[in-house]
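What follows is a set of notes on a single structure, which appears directly below.
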Amino acid sequence: MAAPLLAQFAGAASAAADDTWGTVSDGWVEIRWTGQVREEMDRLGAVVEAVAPARLVTDTRGTAVRFPVRAGKGDPSVRRLSDVEGDSALEGGITVSTPRGEFRIVALHGVLRDGVASGRCTANGVEVGHRSVFRCGLDEGSLTTSGAPAGQPLRVRVSEVPLHATPELMEAYVATFGEPVFTAGTLLGYVTAEGVYTPPKP
212 MAAPLLAQFA GAASAAADDT WGTVSDGWVE IRWTGQVREE MDRLGAVVEA
262 VAPARLVTDT RGTAVRFPVR AGKGDPSVRR LSDVEGDSAL EGGITVSTPR
312 GEFRIVALHG VLRDGVASGR CTANGVEVGH RSVFRCGLDE GSLTTSGAPA
362 GQPLRVRVSE VPLHATPELM EAYVATFGEP VFTAGTLLGY VTAEGVYTPP
412 KP
């Protein structure tokens, strides 16, 4: 399922990290899909599993995939959540098994700027760059930080940020699978991310 969809984005470049951003370490990113997305996956006969060290996390809210952050840069914008930006490389990945075959998606690298997520990955050994994929409702999420003196590292957590498809993702999805059960306005899932943010040196 994933490889034909990702192929629609092949060759597109993603935004680069800002030199003024601080670094992010000891972190993770978790994506939890909604019931409508799970229904669409069932319709397509798709089964998702985690590629270690990523792992599936199951609780009363359902199942999510949690990816450790290998390296990252960003601006947590502790004063205004909608201004959060970042660039991160994630460890592990996912496999997607469908009647068409199995697809292994690893080497995930994402960029968040202006509330839009883009990036690149490797699908079955082929590197794929893509344009914008998700619109992130940053204002609807929550931000918590540990207390730390100004200029010192602090732990930051951005929680339950809603995800919606961008027009580019909808166009690619329709071209690959036909009309889905969701639209660009459908809530697809939530993302939560946590890590230690070290501000840039003055």
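Count along the sequence shown from 1, add 211, and you get the number used in my numbering.
Note that CB positions come from ideal geometry on N, CA and C, so glycine has one too.
Practice item. Note down the Cα distance separating residue 304 from residue 238, rounded to an integer number of angstroms. Key: As a first step, residue 304 is located in the sequence shown; it is residue number 93 there, counting from the start. As a first step, residue 238 is located in the sequence shown; it is residue number 27 there, counting from the start. Answer to the nearest angstrom: the Cα atoms are 15 Å apart.
Review point. Run through DSSP, which three-state label would residue 249 get?
Key: Translated into positions along the sequence shown, residue 249 becomes position 38. Residue 249 falls in the helix class under three-state DSSP.
Check your understanding: Where does residue 277 land, buried or exposed, given buried means 16+ other C-beta within 10 angstroms?
Key -> Sequence index remark: in the sequence shown, residue 277 carries index 66 (1-based). By the 10 Å Cβ count, residue 277 comes out buried.
Review point. In chain order, what residues of the same chain have a beta carbon less than 6 Å from the beta carbon of residue 368, not counting five sequence neighbours either side?
Key: Translated into the one-based positions of the sequence shown, residue 368 becomes position 157. The residues are 355 and 405.
Review point. At what residues does the alpha helix (DSSP H) containing residue 379 begin and finish?
Key: Working through the sequence shown from its first residue, we reach residue 379 at position 168. That run of the alpha helix (DSSP H) goes 378 to 388.
**Study point:** Stretch pair the stretch 382 to 395 + the stretch 266 to 280: three plus CB contacts closer than 8 Å
**Key:** no
Exercise for review: Could you tell me the boundaries of the beta strand (DSSP E) in which residue 284 lies?
Suggested key: Start at 1 with the first residue of the sequence shown, and residue 284 comes out as number 73. From DSSP, the beta strand (DSSP E) with residue 284 extends over 273 to 286.
Point to revise | Backbone CA spacing between residue 401 and residue 293 [nearest angstrom] | key: Stepping through the sequence shown from its first residue, residue 401 is reached at position 190. Stepping through the sequence shown from its first residue, residue 293 is reached at position 82. Using only the alpha carbons, I get a separation of about 15 Å.
Review point. Using DSSP with H/G/I as helix, E/B as strand and the rest coil, what is residue 291?
Key: Taking the sequence shown and counting its residues from 1, one reaches residue 291 at position 80. Per DSSP, reduced to three states, the secondary structure at residue 291 is coil, with no helix or strand assignment.
Point to revise | Whole-angstrom C-beta distance between residue 375 and residue 403, which should lie under 8 Å | key: For the purposes of this step, residue 403 is identified with residue 192 of the sequence shown, where counting begins at 1. For the purposes of this step, residue 375 is identified with residue 164 of the sequence shown, where counting begins at 1. With a contact defined as Cβ atoms closer than 8 Å, residue 403 and residue 375 miss out at about 16 Å.
Review point. Can you name the start and end residues of the beta strand (DSSP E) that residue 329 belongs to?
Key: The sequence position of residue 329 within the sequence shown is 118, counting from 1. First-last of the beta strand (DSSP E) with residue 329: 327 to 334.
Practice item. Using a threshold of 8 Å, state whether the C-beta atoms of residue 323 and residue 301 are closer than that. Key: Taking the first residue of the sequence shown as 1, we reach residue 323 at position 112. Taking the first residue of the sequence shown as 1, we reach residue 301 at position 90. The answer is no: Cβ separation not under 8 Å.
Check your understanding: What does a CB cutoff of less than 7 Å around residue 399 pick up in its chain, not counting 5 residues either side in sequence?
Key -> Along the sequence shown, one-based indexing puts residue 399 at 188. Closer than 7 Å at the Cβ level, and outside the excluded window around residue 399, lie 244, 245, 248, 374, 375, 376 and 393.
Review point. If you run the structure through DSSP and keep just helix, strand and coil, what is residue 243?
Key: Start at 1 with the first residue of the sequence shown, and residue 243 comes out as number 32. In the structure shown, residue 243 sits in a strand (DSSP, three-state: E or B).
Review point. Secondary structure at residue 351, three-state DSSP: helix, strand or coil?
Key: Translated into positions along the sequence shown, residue 351 becomes position 140. The answer is helix: DSSP assigns residue 351 an H, G or I state.
Check your understanding: Quick one, which of 366, 257 and 255 has its alpha-carbon nearest residue 408's?
Key -> Within the sequence shown, residue 408 is the residue found at index 197, counting from 1. Looking at the Cα atoms, 366 is the closest of the given residues.
Check your understanding: So who's on the other strand from residue 266, going by DSSP bridges?
Key -> Walking along the sequence shown from the start, residue 266 turns up at place 55. BP columns for residue 266 point to 277.
Check your understanding: Roughly how many whole angstroms lie between the Cα atoms of residue 308 and residue 261?
Key -> Counting from 1 along the sequence shown, the entry for residue 308 is found at position 97. Counting from 1 along the sequence shown, the entry for residue 261 is found at position 50. Going from the Cα of residue 308 to the Cα of residue 261 covers about 11 Å.
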